[in-house]
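Asker: This structure is in structure tokens; I'll ask about it shortly.
There are 4 protein chains.
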Amino acid sequence: MAEGRKLRMGMVGGGRGAFIGPVHRIAAEMDGKIELVAGAFSQSAERSREAGVKFHIDPARAYANYRQMIEAERKRADGIDFVAIVTPNYLHLPIALAAIEAGIPVMSDKPTTATYEEALELQAAVAKARLPYGLTHTYAGYQMVREARAMCAAGKVGKIRKVAVEYFQGWLSRPIEASGQKQAEWRTDPARNGPGGAIGDIGTHAFHLLEYVSGLEVTAINATLRSVVPGRKLDDDCNAFVRMNNGAAGTLACSQVAAGEMNELTLRIYGEEGSVEWRQQDPNRLFVKWLDRPEEIHHAATSYLGSDAKAAARTPAGHPEGYLEAFAVLYREFADALIGWKEGKDRRGSLPATLPGIRAGVRGMRFMERVIESNRREGWVEF
Amino acid sequence: MAEGRKLRMGMVGGGRGAFIGPVHRIAAEMDGKIELVAGAFSQSAERSREAGVKFHIDPARAYANYRQMIEAERKRADGIDFVAIVTPNYLHLPIALAAIEAGIPVMSDKPTTATYEEALELQAAVAKARLPYGLTHTYAGYQMVREARAMCAAGKVGKIRKVAVEYFQGWLSRPIEASGQKQAEWRTDPARNGPGGAIGDIGTHAFHLLEYVSGLEVTAINATLRSVVPGRKLDDDCNAFVRMNNGAAGTLACSQVAAGEMNELTLRIYGEEGSVEWRQQDPNRLFVKWLDRPEEIHHAATSYLGSDAKAAARTPAGHPEGYLEAFAVLYREFADALIGWKEGKDRRGSLPATLPGIRAGVRGMRFMERVIESNRREGWVEF
Amino acid sequence: MAEGRKLRMGMVGGGRGAFIGPVHRIAAEMDGKIELVAGAFSQSAERSREAGVKFHIDPARAYANYRQMIEAERKRADGIDFVAIVTPNYLHLPIALAAIEAGIPVMSDKPTTATYEEALELQAAVAKARLPYGLTHTYAGYQMVREARAMCAAGKVGKIRKVAVEYFQGWLSRPIEASGQKQAEWRTDPARNGPGGAIGDIGTHAFHLLEYVSGLEVTAINATLRSVVPGRKLDDDCNAFVRMNNGAAGTLACSQVAAGEMNELTLRIYGEEGSVEWRQQDPNRLFVKWLDRPEEIHHAATSYLGSDAKAAARTPAGHPEGYLEAFAVLYREFADALIGWKEGKDRRGSLPATLPGIRAGVRGMRFMERVIESNRREGWVEF
Amino acid sequence: MAEGRKLRMGMVGGGRGAFIGPVHRIAAEMDGKIELVAGAFSQSAERSREAGVKFHIDPARAYANYRQMIEAERKRADGIDFVAIVTPNYLHLPIALAAIEAGIPVMSDKPTTATYEEALELQAAVAKARLPYGLTHTYAGYQMVREARAMCAAGKVGKIRKVAVEYFQGWLSRPIEASGQKQAEWRTDPARNGPGGAIGDIGTHAFHLLEYVSGLEVTAINATLRSVVPGRKLDDDCNAFVRMNNGAAGTLACSQVAAGEMNELTLRIYGEEGSVEWRQQDPNRLFVKWLDRPEEIHHAATSYLGSDAKAAARTPAGHPEGYLEAFAVLYREFADALIGWKEGKDRRGSLPATLPGIRAGVRGMRFMERVIESNRREGWVEF
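Protein chains in written order, with the working numbering: chain A, 46 to 428; chain B, 46 to 428; chain C, 46 to 428; chain D, 46 to 428.
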């Protein structure tokens with residue numbers, strides 16, 4: 046690959062009213078390794094063009110749909126190096142498959158697909174195509190999440206006994222999907238969002254964070270779902286017990302009707318000797334508590350962090366990094382993996398262990414499917 | 046009752062090595078309405094005498110056991126006005142019954158008894174005797190708990206939809222009961238503690254706080270218990286789903302193996318319009334979060350609090366009150382109820398709504414019993 | 046002294062409308078070593094009697110004024126063991142002198158007197174009488190203040206370079222002294238309060254805390270005073286630079302017109318290797334920050350604290366202690382010193398190093414005098 | 046200007062070892078309005094080329110020095126639209142003047158120049174050239190700083206009486222300039238940094254934040270400087286009293302030897318009715334405290350914020366934005382101003398009131414000069 050060239054990204058989705066489109070654009074471009082050059086930003090050709098202008102891309106590369114984009118871009122000498130998928134969930138699979146069939150790597154917003162069956166289908170396609178497929182479980186990009194993960198892996202808190210993860214939001218406390226709020230509309234519509242409501246939208250994040258940091262796997266779950274807002278078709282609140290593959294146990298909770306909460310994602314992991322606690326709304330601090338020693342606050346961008354955390358820092362200690370920077374860490378790792386693949390250094394398109402990919406995607410969809418099944422049975426189900 | 050006279054307290058338990066005895070003494074005497082004058086501080090006469098000296102009471106009133114104390118004190122003109130019970134759980138019932146049969150009111154440490162059946166027996170005795178019986182669910186004495194309770198009652202956060210209470214400690218992370226730590230020893234011994242471990246010791250506090258503040262009742266529970274530390278006979282970790290009598294639902298968790306936690310009791314209640322959050326380790330602040338308005342911090346001892354909170358304040362805003370002050374609020378309310386009863390103003394010995402009594406005690410034991418049953422059945426049980 | 050007997054306290058001041066009277070009563074009695082038995086609670090005999098009833102003391106021992114109290118009590122076999130002074134500042138000296146002349150030890154609210162000259166006079170009297178004189182600089186009683194003090198003394202943070210102490214309140218933001226608020230009235234009246242306003246009321250606390258924790262002495266000060274509220278006769282806001290006797294320097298600020306603040310007393314001490322930070326409104330935590338290591342939170346009542354902090358704890362870690370408990374630590378130490386003196390073990394009436402006495406009182410008045418002089422000169426003054 | 050075209054940035058400085066170069070690049074490009082296309086990244090041609098490769102720019106546009114860059118770029122049809130200056134301070138003036146003389150707008154890192162005299166010279170040049178000159182006082186880009194500013198302007202906290210701003214770091218606690226740390230080296234060298242050490246590097250930020258948020262001007266200052274680390278030529282610690290043009294007063298402090306602090310920039314402004322408090326290390330919250338109402342926490346990206354804050358948000362509430370996002374807000378506003386100027390809508394090159402420019406730069410240098418003079422005189426100096 047030409048030294049100094051940026052990787053070229055083509056985006057599907059992310060047009061008017063979308064929150065996540067600009068987030069992906071900023072995150073992808075932050076470290077100067079990627080540039081957005083093409084897109085099928087909307088299912089309306091007109092709106093896609095409008096978004097293209099806003100994104101400052103060549104009008105000829107603002108396509109009416111993803112099929113057009115993939116077809117046109119693969120013929121260009123300067124065609125896109127990968128596709129970023131930022132649409133509602135039900136479109137994740139067909140777009141990813143189309144890209145993969147065209148030999149184009151994919152960076153997808155989560156959840157990987159709308160259902161577990163789709164996820165398995167996609168996993169097979171990725172495995173066959175041997176190309177990089179990344180999944181933006183954003184919170185995996187935070188420095189202090191990586192530090193917590195490294196501490197668990199190194200056994201710093203001792204054998205893990207107890208876990209607690211929760212993700213509480215309040216923005217769906219009222220039936221705003223009924224009054225045309227676009228974000229709420231598709232997220233509460235089974236046809237576009239899939240069978241999971243809050244559990245798909247944010248529960249999968251909580252589940253991923255739990256397995257990612259602890260290094261453990263959930264082996265059984267006992268979940269109870271509710272649709273608290275009258276008339277809502279999908280779950281907006283979930284509480285679950287979980288059992289882990291090392292014998293630990295704990296809870297996973299998510300809600301979008303926790304009135305007054307903004308984006309309260311919190312993870313606590315208790316070992317035999319101490320515990321770690323991370324809160325997404327205060328992301329540059331990791332609280333480490335010990336049985337017989339003073340509590341510690343580990344700060345981002347400090348000299349005493351491990352290599353995974355350090356690699357994710359851009360500004361000095363005390364200069365807060367946030368959500369976009371975490372997101373950009375994932376894109377940076379994806380870019381590096383993509384370059385290695387293009388240059389033939391890694392022919393399987395594998396990702397670094399710190400970057401979520403199709404396996405995490407399948408786990409997330411399995412989680413969603415198991416939660417729904419557990420709720421139906423009103424009891425424990427195996428994973 | 047003679048104006049200006051302090052109420053006379055006789056304590057059972059609280060001798061050497063006990064943490065809770067001095068706490069009751071300080072709390073009872075804090076507001077100048079009560080004085081400790083007698084006690085059966087230990088099951089050893091010698092140790093009871095030693096404790097009497099430390100507590101500066103008349104040596105003649107340091108008794109060898111509670112039966113002696115009750116018998117001797119009821120004959121004195123200046124005999125005790127009430128008995129404070131601060132023994133291990135299995136003794137709560139016999140002591141309380143003995144006092145009640147002697148016509149002496151009781152202020153008991155929680156849990157009210159060791160089992161649900163005992164609690165029902167005690168409830169019947171209290172009802173028959175028509176005298177004040179108070180239960181020191183300490184956290185009910187905090188100003189901001191009372192403010193949260195008043196806000197829920199007034200519908201400030203809207204109809205309650207979701208609740209989450211947790212009580213995490215880490216001090217039983219190691220098998221310290223095996224090395225002679227007295228507090229740990231009886232608390233992990235079914236014979237002295239009753240059938241509930243962490244659920245009895247701290248779960249009952251969490252349960253009480255939940256019902257006390259929300260004004261709701263738990264109608265069903267699905268609980269899972271663990272004895273995490275090898276060899277431990279009682280539970281040391283519990284996670285539970287709860288359903289409330291207004292249709293709300295949520296979680297209750299308690300643990301004594303959450304390594305690194307000290308006394309992390311946290312309650313969150315989510316209504317349709319907002320939520321309240323209180324943390325015992327930061328007790329003078331109540332966080333109130335709204336759907337569309339700035340988050341608020343309500344501080345203890347401020348002008349804008351409701352009457353229940355205000356009545357519980359002793360020092361100006363910004364001068365922290367703590368655990369002992371909360372405890373003392375309960376004793377103050379008990380003293381006032383006791384005076385009213387002695388003066389014949391209230392012949393039933395009833396307590397103010399803010400002070401936990403036998404009903405709360407029965408609820409707590411029912412909670413413990415239901416948790417154990419739910420864990421046995423691995424599923425939901427009705428209350 | 047008879048084993049098991051409590052020390053008998055006679056209080057001057059603390060009647061109707063006083064906040065600090067009940068605080069002293071609670072604090073003195075908390076640890077079961079002292080009981081309030083007499084008082085001259087008000088300058089009105091009638092109000093003194095009323096207060097006596099509220100405090101449950103023998104009506105015969107509620108005196109019309111402190112002279113009567115001292116005279117009557119010294120004749121009683123069960124007379125008071127010490128006098129607690131809780132009046133407005135201008136009365137501190139005459140009351141203390143009267144007690145000392147009668148051979149009765151004194152526990153005084155701060156400031157020790159109304160002026161520096163008075164403080165010197167009192168110091169001479171105490172030295173001559175060789176009896177215990179304690180001063181309730183409350184914040185010296187907090188566990189974590191003592192831990193910070195011990196850490197500085199042990200050189201944990203390295204040589205101290207920089208200090209910053211501030212004490213901000215907002216309750217005098219409006220001219221409430223003009224509308225009859227009793228606390229505000231005397232505190233803003235030079236005749237009753239002395240020449241210092243905020244600097245006397247809270248600046249002396251900040252100054253004491255600084256010297257107490259750092260183990261250093263202020264050698265020079267450059268202060269600027271303001272009376273922010275129109276018509277106010279005394280200062281209500283002060284900013285000062287300070288120089289310490291080891292070459293360190295820093296700031297001291299106090300204000301009672303910091304609208305919105307309650308009782309924000311904060312101390313930070315920076316050494317060559319790290320720093321300590323303590324906030325009175327969050328008193329059970331001490332923040333310790335290092336150059337190259339994780340920040341630490343040292344919690345009250347934990348196993349890793351030093352002996353001075355441990356000696357000041359009453360409840361287990363995570364059970365918050367507050368303002369009253371800190372206050373009571375001072376009374377407990379005073380009681381122990383008093384017993385030693387009465388029993389002849391210490392004939393000089395000296396206090397432990399952790400308990401503020403007349404020397405701290407003189408330092409505080411010197412501080413106030415130097416601040417006023419510095420403000421007058423608009424520049425530095427030596428101490 | 047061609048619709049959809051990005052503005053072209055040429056950077057001076059920011060090569061190897063520089064922290065601030067990549068920050069400017071990320072911030073400038075974040076909102077998709079600007080792209081880095083050219084640079085004179087180092088005073089070594091070789092290193093400039095290396096940096097160009099890292100930044101993915103055309104090798105022909107990585108120049109050996111800023112004169113070459115300006116000369117070459119002005120001849121290109123696709124030449125740079127503005128120059129970003131990110132060098133050590135002593136180069137700010139000559140580079141800015143060279144750009145301005147070539148008619149090229151400037152976005153400069155702070156401080157605007159190395160001395161006050163230079164700042165006046167630059168101000169004259171900017172005024173004459175009538176083109177946009179922006180100054181990256183980063184903290185002005187935070188949402189909650191803008192909300193605080195809007196609240197002060199609207200009189201929400203009442204007339205301002207008292208201010209307190211401080212900026213504490215600890216990274217220069219040891220003489221790291223002696224061991225080759227590049228950032229420390231030039232910042233402690235008067236020849237490259239100018240006559241102010243900490244006061245120039247971070248004091249100017251604190252000063253700007255104070256005037257920016259309060260809407261007031263400092264009219265007098267009394268400052269005391271220290272060089273705490275032995276052998277250091279410039280100040281590393283400063284405490285100052287300030288007087289404001291509405292009669293308010295307060296303090297400004299900065300230090301780079303506050304061991305254990307990372308980047309603790311805190312501003313508090315007290316009015317007659319309440320106060321606002323903002324902490325850079327917790328930037329998405331603004332604490333608002335009132336005399337008689339609950340304290341409030343205003344969160345970034347919420348519905349209740351004013352228009353200035355809202356315009357600065359990119360992600361939903363609870364998704365933290367940080368230092369880079371604040372920086373990027375300034376670049377976005379600069380880009381918009383630049384477009385307006387290029388399109389002839391504003392021929393004077395003026396900036397929006399929320400974006401710091403040459404006037405803020407002159408104020409900052411005046412601050413530095415006055416601080417040094419006050420320290421020399423050991424007393425107050427007028428502004």
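Glycine included, C-beta positions come from ideal geometry on N, C-alpha and C.
Note that this is a predicted model, so its numbers are computed, not measured.
Please give me, in chain order, every unbroken run of the beta strand (DSSP E) with length at least 3 that falls completely inside the region 243-302 of chain A.
Answerer: For the region 243-302 of chain A, whole beta strand (DSSP E) runs of length 3 or above, ordered along the chain, are 263-271, 282-289, 294-300.
Asker: Considering only their Cβ atoms, is the gap separating G186/B from L375/B smaller than 8 angstroms?
Answerer: Numbered from its first residue, the second sequence carries residue 375/B at position 330. Numbered from its first residue, the second sequence carries residue 186/B at position 141. Against a cut-off of 8 angstroms, the Cβ pair of G186/B and L375/B comes out as a contact.
Asker: Can you tell me where the alpha helix (DSSP H) holding I130/C begins and where it ends?
Answerer: As a first step, residue 130/C must be located in the third sequence, where it is residue number 85. Element bounds for I130/C: not the alpha helix (DSSP H) but the beta strand (DSSP E), 127-130.
Asker: With C-beta atoms as the reference, is M413/B less than 8 angstroms away from T157/B?
Answerer: The residue given as residue 413/B occupies position 368 in the second sequence. The residue given as residue 157/B occupies position 112 in the second sequence. Not closer than 8 angstroms, so no.
Asker: For the region 325-338 of chain B, enumerate the residues whose C-beta is nearer than 7 angstroms to any C-beta of chain C, in chain order.
Answerer: Cβ contacts with chain C: Q326, P328.
Asker: Identify each residue in the region 288-309 of chain D for which the Cβ-Cβ distance to at least one residue of chain C is less than 8 angstroms, and report them in chain order.
Answerer: Listed by position, the residues of the region 288-309 of chain D near chain C (Cβ gap below 8 angstroms) are A294, G295, T296, A298, S300, V302, A303, A304, G305, E306.
Asker: For H344/C, name the three-state secondary structure that DSSP assigns.
Answerer: Working through the third sequence from its first residue, we reach residue 344/C at position 299. Correct three-state label for H344/C: strand.
Asker: Within the 8 angstroms Cβ cut-off, does D280/B reach chain A?
Answerer: Within the second sequence, the letter at position 235 stands for residue 280/B. Chain A contact via Cβ: absent.
Asker: Looking at chain B, is there any beta carbon in it that lies within less than 8 angstroms of the beta carbon of E366/D?
Answerer: Position 321 of the fourth sequence holds residue 366/D. For E366/D, the answer is no, since every Cβ of chain B falls outside 8 angstroms of its Cβ.
Asker: If you measure from the beta carbon of I342/C to each beta carbon in chain A, is any gap under 8 angstroms?
Answerer: Taking the third sequence and counting its residues from 1, the one referred to as residue 342/C is at position 297. Yes, I342/C counts as interfacial toward chain A.
Asker: In whole angstroms, what is the alpha-carbon distance linking G459/C and K204/C?
Answerer: Summary: the structure shown does not reach residue 459/C, with chain C confined to residues 46 through 428, and so no result is reported for it.
Asker: Please return the same chain residues whose Cβ sits closer than 6 angstroms to the Cβ of I125/D, not counting the five positions on each side in sequence.
Answerer: As a first step, residue 125/D must be located in the fourth sequence, where it is residue number 80. Excluding residues within five positions, the ones whose Cβ falls inside 6 angstroms are R53, G55, A83, E118.
Asker: Can you confirm whether T311/C, when its beta carbon is compared against all beta carbons of chain G, has any partner nearer than 8 angstroms?
Answerer: The question asks about chain G, but that chain is absent: this structure's protein chains are A, B, C and D.
Asker: What does the alpha-carbon distance come out to for the pair E366/B and A362/C?
Answerer: Numbered from its first residue, the second sequence carries residue 366/B at position 321. Numbered from its first residue, the third sequence carries residue 362/C at position 317. Taking the straight line from one Cα to the other gives about 15 angstroms.
Asker: I'd like to know whether the C-beta of H182/D is nearer than 8 angstroms to at least one C-beta of chain A.
Answerer: By one-based count along the fourth sequence, residue 182/D stands at place 137. Chain A contact via Cβ: absent.
Asker: Using alpha carbons as the reference points, say which of W323/C, A380/C, T399/C, K387/C lies closest to S352/C.
Answerer: Locating residue 352/C in the third sequence gives position 307, where the first residue counts as 1. It is T399/C.
Asker: By the three-class DSSP mapping on this structure, what secondary structure does Y315/C have?
Answerer: Within the third sequence, the letter at position 270 stands for residue 315/C. If DSSP states are grouped into helix, strand and coil, Y315/C belongs with the strands.
Asker: Taking the alpha-carbon of L142/A as reference, which of K173/A, G59/A, P133/A, C197/A has the nearest alpha-carbon?
Answerer: As a first step, residue 142/A must be located in the first sequence, where it is residue number 97. Cα-wise, what sits closest to L142/A is K173/A.
Asker: In the DSSP assignment, the beta strand (DSSP E) including A85/D goes from what residue to what residue?
Answerer: Numbered from its first residue, the fourth sequence carries residue 85/D at position 40. Taken as a continuous stretch (DSSP letters only), the beta strand (DSSP E) holding A85/D covers 79-85.
Asker: Can you check whether the C-beta of W187/D is within less than 8 angstroms of a C-beta belonging to chain B?
Answerer: Within the fourth sequence, residue 187/D is the residue found at index 142, counting from 1. For the sequence presented, residue 187/D should be read as Tyr rather than Trp. It does not; no Cβ of chain B falls within 8 angstroms.
Asker: Taking 8 angstroms as the CB-CB limit, is M75/C close to chain B?
Answerer: By one-based count along the third sequence, residue 75/C stands at place 30. It does: the Cβ of M75/C has a partner Cβ on chain B nearer than 8 angstroms.
Asker: Taking the alpha-carbon positions, what's the R232/A to S272/A distance?
Answerer: Residue 232/A sits at position 187 when you count from the first residue of the first sequence. Residue 272/A sits at position 227 when you count from the first residue of the first sequence. Rounded to the nearest angstrom, the two C-alpha atoms are 13 angstroms apart.
Asker: Establish whether the CB of S348/B and some CB of chain D are separated by less than 8 angstroms.
Answerer: Reading the second sequence from its first residue, position 303 is the one you call residue 348/B. Closer than 8 angstroms to some Cβ of chain D, the Cβ of S348/B qualifies, so yes.
Asker: Measuring CB atoms only, is the region 207-215 of chain B touching the region 299-307 of chain B, in the sense that at least three cross pairs come out at less than 8 angstroms?
Answerer: In short, these stretches touch, since the Cβ pair count reaches three.
Asker: Once you ignore the five residues that flank P401/D on each side, which residues in its own chain have a CB closer than 6 angstroms to its CB?
Answerer: For the purposes of this step, residue 401/D is taken as the residue at position 356 of the fourth sequence. Hits under 6 angstroms: L180, H182, A185.
Asker: Is there a C-beta anywhere in chain B that falls below 8 angstroms from the one on I71/C?
Answerer: By one-based count along the third sequence, residue 71/C stands at place 26. Closer than 8 angstroms: yes.
Asker: Look at F335/A and E309/A and say whether their C-beta atoms are less than 8 angstroms apart.
Answerer: Position 290 of the first sequence, counted from the first residue, corresponds to residue 335/A. Position 264 of the first sequence, counted from the first residue, corresponds to residue 309/A. Before going further, note that residue 335/A is Trp rather than Phe in the sequence given. The answer is no: Cβ separation not under 8 angstroms.
Asker: Looking at the strands, I want to know which residues DSSP matches up with R324/D.
Answerer: As a working mapping, residue 324/D is identified with position 279 in the fourth sequence. For R324/D, which the question treats as bridged, DSSP gives the partners T311/D.
Asker: Relative to the alpha-carbon of D154/C, which residue among A198/C, I79/C, G245/C has its alpha-carbon at the smallest distance?
Answerer: The residue given as residue 154/C occupies position 109 in the third sequence. Of the listed residues, the one whose Cα sits closest to D154/C is G245/C.
Asker: Can you check whether the C-beta of H137/D is within less than 8 angstroms of a C-beta belonging to chain A?
Answerer: Counting from one through the fourth sequence, the residue named residue 137/D turns up at place 92. Cβ-Cβ to chain A under 8 angstroms: no for H137/D.
Asker: Tell whether a beta-carbon distance below 8 angstroms holds between I314/A and F286/A.
Answerer: Within the first sequence, numbered from 1, the residue matching residue 314/A stands at position 269. Within the first sequence, numbered from 1, the residue matching residue 286/A stands at position 241. Not a contact, by the Cβ cut-off of 8 angstroms.
Asker: Could you name the residues of chain C that E317/D contacts, counting a contact when the two beta carbons are closer than 7 angstroms?
Answerer: In the fourth sequence, the residue the question calls residue 317/D occupies position 272. Within 7 angstroms Cβ-Cβ: S218, A304.
Asker: Please report the straight-line C-alpha distance between H101/D and K51/A, rounded to a whole angstrom.
Answerer: Translated into the one-based positions of the fourth sequence, residue 101/D becomes position 56. Translated into the one-based positions of the first sequence, residue 51/A becomes position 6. Those two C-alpha atoms are separated by around 7 angstroms.
Asker: So what does E378/D bridge to, in DSSP terms?
Answerer: Here the question's residue 378/D lines up with position 333 in the fourth sequence. Looking at the DSSP assignment, E378/D forms no beta bridge with any residue, so it has no partner.
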